[in-house]
Amino acid sequence: MTMLGVVGDLVEDVIVWLGEPVKHGTDSKVEIFHTRGGSGANVAGFAAALHPTRFLGCVGDDHVGRFLVDELGGRGVDVKVQRRGKSGTIVILIDQNGERTMLPQRGASTLLQDVPDEWLDGLEILHVPAYSFDGGPLQDTACDLIRRMKKRGGKVSVDASSTGMLTHFGVDAFLDLMAELAPDFLIGNESEAALLQLSDAGDGGANLARLPKTIVVAKYGPEPTVVHIPGGERMTVPVPPVECIRDLTGAGDAFAAGFLAGYLKTGQLWDACELGHATAAKVLASPGASMAEAC
């Protein structure tokens with residue numbers, strides 16, 4: 198059976214659930230959780246339960262890196278990593294509404310380079326979070342892997358990842374890069390799609406024409422997901438209600454995992470969205486990118 202491949206970050210997440218607004222200069226009530234994280238690793242970890250999956254990345258040659266690799270491998274992921282530098286950490290503050298503020302130090306995750314051809318063997322789709330384009334050797338490596346994957350006849354998925362990252366990279370520069378690399382799928386949430394002008398909100402998707410070979414999947418939280426298909430076709434897939442939402446961390450990664458696994462199973466965009474919604478719903482009550490329900 199062919200595999201889903203994911204390239205990107207593998208880091209430690211420190212999840213801080215705020216019990217009250219942060220009080221500057223003194224103590225604030227919180228709950229703290231330490232979990233394996235990284236957008237790429239999250240997608241791989243969720244997807245492995247649904248479809249054979251391989252992760253490609255870099256971690257530090259340290260005890261944290263060894264723990265992260267063992268944890269991800271324990272989820273059934275075929276883990277391929279290089280080891281150099283110091284493993285990264287992301288501190289994620291979660292407010293009472295479940296919204297995130299992220300403080301990343303990506304460390305060794307940005308150092309992936311010179312990936313051997315055999316790491317791509319057997320992959321049908323390669324998924325790349327846009328964080329991978331945000332500096333370090335990984336930026337050039339991610340672009341190279343996409344080109345190599347397309348040359349092999351495989352498909353490529355990109356997640357828009359973060360409005361902060363997109364703003365830092367530059368919206369036009371990112372869209373130009375996507376037009377050049379021509380991923381088969383570009384996945385983003387409402388704010389990311391709006392920033393890139395690839396959504397129906399306000400701008401009518403003014404930049405969709407810049408990506409004539411890419412299926413754009415725009416998520417709107419509890420509202421229907423909209424799939425823009427090249428040529429002007431549009432699909433709207435409803436999102437089932439979710440009872441408990443405590444932490445949005447990893448929900449987008451879980452959607453990507455379900456979406457891509459669903460597409461690999463059936464080749465149908467509707468089925469892919471439905472499995473994406475179902476997978477994302479399982480993490481919304483849990484600390485970080487996990488399914489250990491806490492509410």
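Per the numbering used here, residue 198 is the first one in the sequence shown, and the count goes up by one each step. The beta-carbon is built from N, C-alpha and C at its ideal position, and this holds for glycine as well.
Open item on the list: Do residue 480 and residue 448 count as a contact pair if the criterion is CB distance below 8 Å?
Closed with: In this structure, the beta-carbon distance from residue 448 to residue 480 falls below 8 Å.
TODO: Quick one: grab the DSSP three-state call for residue 334.
DONE: Note: residue 334 maps to helix in three-state DSSP.
TODO: Provide the residue span of the alpha helix (DSSP H) that contains residue 460, from first to last.
DONE: Counting along the chain, the alpha helix (DSSP H) containing residue 460 begins and ends at 448-463.
Open item on the list: On the CB-based measure, 16 or more other CB atoms within 10 Å of its CB, does residue 467 come out buried or exposed?
Closed with: By the Cβ-count criterion, residue 467 is exposed, with fewer than 16 other Cβ atoms from all chains shown falling within 10 Å of its own Cβ.
Task: Euclidean distance between Cα positions of residue 393 and residue 327 - done: In a straight line, the C-alpha of residue 393 is about 13 Å away from that of residue 327.
Task: Local Cβ density within 10 Å of residue 411, reported as buried at 16 or more and exposed below that - done: Buried is the call here.
Task: Inter-residue spacing [alpha-carbon to alpha-carbon] between residue 219 and residue 434 - done: Those two C-alpha atoms are separated by around 38 Å.
TODO: Please check the pair residue 225 and residue 356, which I expect to be a contact at CB under 8 Å, by giving their CB distance rounded to whole angstroms.
DONE: No, residue 225 and residue 356 are not in contact; Cβ-Cβ is about 32 Å, not under 8 Å.
Open item on the list: Quick check: does the Cβ of residue 320 come within less than 7 Å of any heavy atom belonging to the ligand HEM?
Closed with: Among the components of this structure there are no ligands whatsoever, and the ligand HEM is therefore not found.
Task: Proximal residues to residue 426 (C-beta, below 6 Å), its chain only, five neighbours per side dropped - done: Cβ within range, chain order: 412.
Task: Beta-carbon proximity of residue 375 to residue 408, cut-off 8 Å - done: With contacts defined by Cβ atoms closer than 8 Å, residue 375 and residue 408 form a contacting pair.
Open item on the list: With the cut-off set at 8 Å, would you say residue 269 and residue 238 are in Cβ contact?
Closed with: Contact flag set, yes.
- [ ] Could you work out which residue in 305, 202, 338, 212 is closest to residue 257 when comparing CA atoms only?
- [x] Of 305, 202, 338, 212, the residue nearest in Cα terms is 305.
- [ ] May I have the straight-line CA-CA distance separating residue 142 from residue 309, to the nearest angstrom?
- [x] The displayed coordinates of the chain run from 198 to 492. Any statement about residue 142 would go beyond what the structure contains.
TODO: Sort out for me which residues DSSP pairs residue 300 with in a bridge.
DONE: Paired residues: 288.
- [ ] Assign residue 324 to one of two classes, buried (16 or more other C-beta atoms within 10 Å of its C-beta) or exposed (fewer than that).
- [x] Under a 10 Å Cβ-count criterion, residue 324 is classified as buried, with 16 or more other Cβ atoms of the shown protein chains found around its own Cβ.
Open item on the list: So, with DSSP's three-state summary, where would you put residue 399?
Closed with: Confidence at residue 399 is low in this model, with a pLDDT of 47, below 50, so its placement is unreliable and the value that follows should be read with caution. If DSSP states are grouped into helix, strand and coil, residue 399 belongs with coil.
Open item on the list: Quick test of your reading: residue 320 and residue 202, contact by CB under 8 Å. State the CB separation rounded to the nearest angstrom.
Closed with: Contact flag correct, Cβ pair sits at about 4 Å.
TODO: From the DSSP output, in three-state form, read off residue 294 for me.
DONE: In the structure shown, residue 294 sits in coil (DSSP, three-state: anything other than H, G, I, E or B).
- [ ] Give me the Cα-Cα distance between residue 207 and residue 266, rounded to the nearest whole angstrom.
- [x] If you take the alpha carbons of residue 207 and residue 266, they lie about 8 Å apart.
- [ ] For residue 302, I'd like the list of residues in its chain whose CB is within less than 6 Å of its CB, leaving aside the five on either flank, ordered along the chain.
- [x] Cβ contact annotation for residue 302 (same chain, cutoff 6 Å, sequence separation greater than five): 285, 286, in chain order.
TODO: Pick helix, strand or coil for residue 247, following the three-state DSSP scheme.
DONE: Residue state, collapsed to three classes: coil.
Open item on the list: Here's the rule I'm using: 16 or more other beta-carbon atoms within 10 Å means buried, otherwise exposed. How should residue 380 be labelled?
Closed with: It counts as buried.
TODO: Please report the Cβ distance between residue 299 and residue 250, rounded to the nearest whole angstrom; I am assuming they are in contact, meaning their Cβ atoms lie under 8 Å.
DONE: Cβ atoms of residue 299 and residue 250 stay farther apart than 8 Å, at about 24 Å.
Task: Own chain residues within Cβ distance below 6 Å of residue 419, not counting five before or after - done: Within the same chain, and ignoring the five residues on either side of residue 419 in sequence, the residues whose Cβ sits closer than 6 Å to its Cβ are 436.
Task: residue 262 and residue 245 closer than 8 Å at C-beta - done: The answer is no: Cβ separation not under 8 Å.
- [ ] Note the first and the last residue of the continuous beta strand (DSSP E) segment covering residue 356.
- [x] Per DSSP, residue 356 belongs to the beta strand (DSSP E) from 352-356.
TODO: Have a look at the DSSP bridge pairing and note the partners of residue 234.
DONE: Residue 234 pairs with 208.
TODO: Going by DSSP, name the residue or residues bridged to residue 255.
DONE: Partner(s): 279.
- [ ] Within the same chain, show all residues whose beta-carbon is closer than 8 Å to that of residue 399, passing over the 5 residues directly before and after it, in chain order.
- [x] At residue 399 the pLDDT is 47, less than 50, meaning the model places this residue with poor confidence and gives no usable figure here.
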